[in-house]
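Protein chains in written order, with numbering that gives the first Met the number 0: chain A, 0 to 368; chain B, 0 to 368; chain C, 0 to 368; chain D, 0 to 368. Built from N, CA and C at the ideal position, the CB exists for glycine as well.
Protein chains: 4
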Amino acid sequence: MAAEARIKRIGVLTGGGDCPGLNAVIRAVVKTGLLEYGFEACGILDGFEGLVKDRMVKLDYQDVSGILTRGGTILGTSNTAHPFQYVEHDGDPADAQDLSDQCVENFERAGLDVLFCIGGDGSLSIAHQLARKGLPIVGVPKTIDNDIYGTDVTFGFDTAVQIVTEALDRVHTTAMSHHRAMVIETMGRYAGWLALVGGIAGGGDVILIPEIPYTMENICKVVEERSHLGKRFSIIVVSEGVKLPDGDFVVRRRVAEGYEKMRLGGIGIWLAAEIDDRTPVVSRAVVLGHMQRGGTPTAYDRVLATRFGYEAVVQAVAGNFDTMVGLQGTEIVAVPLADVADRQRLVEPDCGLVRAARSVGTSFGDGAG
Amino acid sequence: MAAEARIKRIGVLTGGGDCPGLNAVIRAVVKTGLLEYGFEACGILDGFEGLVKDRMVKLDYQDVSGILTRGGTILGTSNTAHPFQYVEHDGDPADAQDLSDQCVENFERAGLDVLFCIGGDGSLSIAHQLARKGLPIVGVPKTIDNDIYGTDVTFGFDTAVQIVTEALDRVHTTAMSHHRAMVIETMGRYAGWLALVGGIAGGGDVILIPEIPYTMENICKVVEERSHLGKRFSIIVVSEGVKLPDGDFVVRRRVAEGYEKMRLGGIGIWLAAEIDDRTPVVSRAVVLGHMQRGGTPTAYDRVLATRFGYEAVVQAVAGNFDTMVGLQGTEIVAVPLADVADRQRLVEPDCGLVRAARSVGTSFGDGAG
Amino acid sequence: MAAEARIKRIGVLTGGGDCPGLNAVIRAVVKTGLLEYGFEACGILDGFEGLVKDRMVKLDYQDVSGILTRGGTILGTSNTAHPFQYVEHDGDPADAQDLSDQCVENFERAGLDVLFCIGGDGSLSIAHQLARKGLPIVGVPKTIDNDIYGTDVTFGFDTAVQIVTEALDRVHTTAMSHHRAMVIETMGRYAGWLALVGGIAGGGDVILIPEIPYTMENICKVVEERSHLGKRFSIIVVSEGVKLPDGDFVVRRRVAEGYEKMRLGGIGIWLAAEIDDRTPVVSRAVVLGHMQRGGTPTAYDRVLATRFGYEAVVQAVAGNFDTMVGLQGTEIVAVPLADVADRQRLVEPDCGLVRAARSVGTSFGDGAG
Amino acid sequence: MAAEARIKRIGVLTGGGDCPGLNAVIRAVVKTGLLEYGFEACGILDGFEGLVKDRMVKLDYQDVSGILTRGGTILGTSNTAHPFQYVEHDGDPADAQDLSDQCVENFERAGLDVLFCIGGDGSLSIAHQLARKGLPIVGVPKTIDNDIYGTDVTFGFDTAVQIVTEALDRVHTTAMSHHRAMVIETMGRYAGWLALVGGIAGGGDVILIPEIPYTMENICKVVEERSHLGKRFSIIVVSEGVKLPDGDFVVRRRVAEGYEKMRLGGIGIWLAAEIDDRTPVVSRAVVLGHMQRGGTPTAYDRVLATRFGYEAVVQAVAGNFDTMVGLQGTEIVAVPLADVADRQRLVEPDCGLVRAARSVGTSFGDGAG
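Here is the structure:
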């Protein structure tokens, strides 16, 4: 790392799924570059797809003005383009090619001196691989799942938590009036942060996350005990990544049973059906889906995204490439991408958040607490 | 009707599904009764269940203070209790009994002089039957589906529309960044008001409602044409009550195919899968479910609910029983329950709302417009 | 009126203060013109200023795409430009000139066949004057004050009511915990609709509107009685247009007393000070100001604005000029501008809304109810 | 500190101004006490007033059920009661007495073993003094101003920031359409956190905080330069605690000039008037006031408040009295009250947040950046 870089022209791309705050990062990177350092700025379209296919646009002050509050990304993104295993749209994965040299070539031909990659673990791993090929890269961690190693929190997470919480607030009043068990399925494929934090904020009675094994018996016991205590309702919050109690995946099981994959609900619908079958309490599911990824970011995420964008440029100017900016405590720091790639920050089953949740009466379906 | 009633004691119940504004009506009925007329007020618990089982509580000023903003109903409700065909919980429908005499008896023993029934078409039909047995009843129309005959709009609808619209706003930004077709399934079993009005407010590209037949070809054409025009996304809003293109119900079809009923998604998930199969555009579904029924009402619904509650008491004092209050233009009027029962207010396929939607480029999947 | 017009090119402008839904009307006018009728569309910038100064831009489908949800107006506006009494910026009002001929000339030179004027009573009066000079004009009523004659409601009003209501909800919880009288000043210069409807929705204890005279004694009596009844708080909602109890204007009085005009608060701050002085209850004011005019419109306003825009084009095509579209009941109708100009729709002191408010215990400071 | 305490009965009080999340802390303290440790719980009413006057209530599970989402405090509070300098309501400050012995006596007679004091710097200083008299106290830091020493952030702050940000979003659209300079006055008497963080999140063009001196010239220069660059608007965010450019307080100056204190606006209204006078740009003020203190907390604040409440009980059980819980990084820690009392955590003028704000073009009125 280090040795101050001579930067004149910066490039920025957004990779992976949508996340509230992407535009706020782009704005901060470009404004800092333009106003603070006099750089030129260039946007790479549709994530790494644009780097492979050489789709780039000049970004001026006007282009990033007024985008702080907007969801989505003005640069577009792509979940699928992988420079090292590139497959054409609708192409056969067996035909994947390594087009990373093409990326380096396009980067150089565009006269770029640094590439800011805003993305989740997938995009950051690619960024690290490209950095090892010599591209001067600074990453910005992005995911509503909050599971990136090296940062206390990622932008987008607070917004997603707020959306889950508002949904729980709404569902709560119905459940209270109607003797219901309501299952709310949140995003979170590997890590339970969103269900955990949203569940605490929304006062969930049961929270199920991939990191803590559960049994149906324990869940049904909570639902029935609450019913006996005169509580007319139970709220169950579950990460989409939670498996069946025996460890199998819902979709795999259903496909094995002969169902068509795309037309099935996930763990939330499965749980609601089980509770409905096993207890006298009527149960319904709400699947929040992509609602959690879109729309205007919360104030928290706008500020975090702005700080990330600014500090990413500062790191680039300092020559700290092959790094990612991250929040640690109250400071933004640079973390080597090598430490981040291929790791996930999961919920520790006995962390303070889980203990706090248990202490106010929340069950994790594991019989404890 | 008419001949001023000597009222001393009023009863109020809430029947059917949850709906934002129920507490606002209860508050207005009770406060108007207590403050304006010096009545006593009594709450019947859990809808008609409480009338059958004689579960009632006295309601004082304090009991209804501060509930204007709260979702749900402080009286509880029950979707199932039908005094004329009463079945015990978990009982066999074949054992249904007529317990309406019991209701009349309980009403009289409680010393009630009028019963305010806040409910949807089911509850209002029961209310009408009880009125014909001599109970002095005034109804208040309630449903987020907005399909009750005799009123321009029902309380709860505006809140549900707002929730659908906010969800569409969020999903929009994701769709714009990701080349997606997003299907959002709203409530609305028989009438398409919620999908229609929410779809207009949220800028839906396709709106599917039970009242307008559609074909998959037309939907896919819209999605693909938008894609060719450089629009990266399409938003499809669909009422849960929309059937398959051939007129069959999704759930019936799937059950006939051997799937378990409870574990299936509805029309939204089906549509997303079809679009995904039939076009090159990736498609995902969001099912808003009970989120649309709960939580704090919008200002519009609070005001409408307050006006309904007040006017229901005014009608009772005027002796206008066997009626329902309704909004017509800017005035609250009394409508005979006989005109309301067993009718539904559906969307006219050529009404001004539909025409306005078509004029801004929305398709109804019928190839027109 | 009537005789179908041969329209090829339409112009649209927005006049007066900001109002949520302006962009939704522009979008509906332009999309309907483009898609439904094949017209060309032209935006006149900064209200009548742009008509005087010939500042116009072509509007394509892309220009109005995605603006449904945005506050403000993409065309800009101007509160001050009056074609018949035109004064340059920072000019002397004594030098006002009649530039209406200039407007007609610019309209014709631009090849326009119809002008859509979206504005409040001031703009609509100008529109009517221009129509009498021969310009083919259709107006669209706009104001958060909701006081335009000929329409049950104007777009923007519902959003402003919702903002007032959310502010009241927030202030309520503080007032409940702290033995406070909180005064919330809303907009509404001549008509009390916003304070009235927002006050009902937010559960105001006292609502003061220009249409109902009040005394300080009555207000203080409510505050003190509530205090004696153990209610720890009172919420007072007041229109900015409410005068002092003796009929004088706050600002005139204060200026007469030697205060500088711009640095003074209005009636809200005055009332809070009076209550603080006259009762043992601590009182504070919140002045919502321009917050009530901006930001994304509610679903209700987006739909109303879309319907207005669509129907305005329909009226133009039918040749119904010198009219304004308005909502009457559930229908959009055309109202002659002659009936609208120089009139205001005020709150009737004994209308259903006021009676409903009184029935739930709200005082209007007049000692009644 | 330390030596495990034998706790059977816990007391909790809330002091000072309102703050979103107070009920969430009370709930977590009481539920943790009841469910986790089998304690009895007791609520002291109206802050230290209730301790002086022996106003206490038993708190059961039901009492704290459902309060997570509610603003305000179920225990009431009082800004004024100071046990060491106690003055009766409307009493003469000269008659202040030390009633701290009374507090100790009441505490003991109630059989309490620990007192949880949820409050701002004033309340925590009192708590520390009482702890030095031997009361076993654990404090919980509370303020929307975020200026308590020893914790990275206080609950309530995130909610207040979100409210400021939403107000800025609304005002922005009006400013963009109307050539305006809008001044938004936030809370923040000594520290500028709320204006700073809200201003970043809302994209403020100028942010004025007590920690950074400014001149009117610099502010007007920003407003005029933006105007020349074609930007039609400027947004100025200012803490209520910002003084006049010469260091005097607005209110003191105005009172010195002969104005009545209560009837004056503060720095926001003063600034808007100055900008209006000194530049050709029309300027208006919005004063958010108590709206920032009330209403339902954000998800972030609910979670932080829950963690604080839980950890406060854990600290009490561990015997760590005369401490306050605080967030440091991602952990909740115990901080000696001695370190917290009589200190304030102000904004460092060159901290990362300020630098990030400058880098995206925000001015602090100091001519730098």
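Using the rule of at least 16 other Cβ atoms within 10 Å of the residue's Cβ for burial, across every protein chain shown, is residue 322 of chain C buried or exposed? buried
With a Cβ-Cβ cutoff of 8 Å, do residue 117 of chain C and residue 33 of chain C count as a contact?
no
Report yes if the CB atom of residue 93 of chain B is closer than 8 Å to the CB atom of residue 85 of chain B, and no otherwise. no
Original post:
Taking a cut of 9 Å between CB atoms, which residues from the stretch 60-82 of chain B lie near chain A?
Top reply: 69, 70, 71, 72, 73, 74, 75, 76, 77, 78
Residue 283 of chain C: first and last residue of the uninterrupted beta strand (DSSP E) it sits in
281-286
| Does any CB atom of chain A fall closer than 8 Å to the CB of residue 354 of chain D? | yes
Exercise. Can you list, in chain order, the residues of its chain whose CB lies under 7 Å from that of residue 42 of chain D, leaving out five sequence neighbours each side?
Worked result: 11, 55, 56, 58, 74
Looking at chain C, is there any beta carbon in it that lies within less than 8 Å of the beta carbon of residue 114 of chain B?
no
- Step through the CB atoms of chain B and report whether any lies within less than 8 Å of the CB of residue 255 of chain A. no
Nearest to residue 13 of chain C by CA position, among C:97, C:114, C:5, is which residue? C:114
TODO: Just the chain C side, please: which residues come within less than 7 Å of residue 161 of chain B by C-beta, in chain order?
DONE: 297, 298
Query - Straight-line Cα distance separating residue 134 of chain A from residue 103 of chain A - result: 7 Å
Quiz prompt | Short CB-CB distance (under 8 Å) between residue 29 of chain C and chain D | solution = no
Check: Helix or strand or just coil, what does DSSP make of residue 154 of chain B?
Finding: strand
List the residues that DSSP assigns as beta-bridge partners of residue 12 of chain C.
C:116
Which residues share a DSSP beta bridge with residue 148 of chain B?
-> DSSP, once it has assigned bridges, lists no residue as partnering residue 148 of chain B.
| said: Quick check: is the beta carbon of residue 286 of chain A nearer than 8 Å to any beta carbon in chain B? | reply: yes
TODO: List the whole-angstrom C-beta distance separating residue 184 of chain B from residue 239 of chain B, where the pair is believed to meet the contact cut-off of C-beta under 8 Å.
DONE: 6 Å
Exercise. Using the C-alpha atoms, what's the distance from residue 317 of chain D back to residue 1 of chain D?
Worked result: With a pLDDT of only 43 at residue 1 of chain D, under the threshold of 50, the placement of this residue in the model should not be trusted; the figure read from the coordinates follows. The straight-line gap from Cα to Cα measures roughly 6 Å.
Three-state class that DSSP yields for residue 322 of chain D in the structure shown = strand
query: Taking one C-beta from the stretch 214-221 of chain C and one from the stretch 160-177 of chain C each time, how about it: are there three or more such pairs within less than 8 Å?
result: no
- Item | Spatial distance of residue 311 of chain A from residue 301 of chain A (CA atoms) | 15 Å
Taking the C-alpha atoms as reference points, what is the distance between residue 50 of chain A and residue 197 of chain B?
-> 39 Å
* Does DSSP classify residue 35 of chain C as helix, strand or coil? -> helix
- Query: Is residue 27 of chain A closer than 8 Å to residue 359 of chain D when the C-beta atoms are compared?
  - Reply: yes
Residue 161 of chain C burial status per 10 Å Cβ neighbour count (16 or more: buried): buried
- Interface residues of chain D around residue 369 of chain A at Cβ under 9 Å? Lying outside 0 to 368, the shown extent of chain A, residue 369 of chain A is not represented and no answer is given.
Report yes if the C-beta distance between residue 210 of chain A and residue 348 of chain A is below 8 Å; otherwise report no.
yes
Span of the beta strand (DSSP E), counted from its first residue to its last, around residue 330 of chain D = 330-335
Consult DSSP for residue 185 of chain A and reduce its assignment to one of helix, strand or coil. strand
DSSP state of residue 343 of chain D mapped onto helix, strand, coil
coil
**Message:** Considering only the alpha carbon of each residue, which of A:278, A:236, A:294, A:5 lies closest to residue 157 of chain A?
**Reply:** A:294
(message) Quick check on residue 138 of chain D - is its C-beta less than 8 Å from some C-beta in chain A?
(response) no
**OP:** Quick one: measure Cβ to Cβ for residue 126 of chain A and residue 336 of chain A, integer angstroms, because I've assumed they're closer than 8 Å.
**Re:** 6 Å
Rounded to whole angstroms, what's the CA-CA distance from residue 354 of chain C to residue 313 of chain B? Just pull it up for me.
11 Å
Cβ-Cβ distance between residue 344 of chain C and residue 199 of chain C below 8 Å: no
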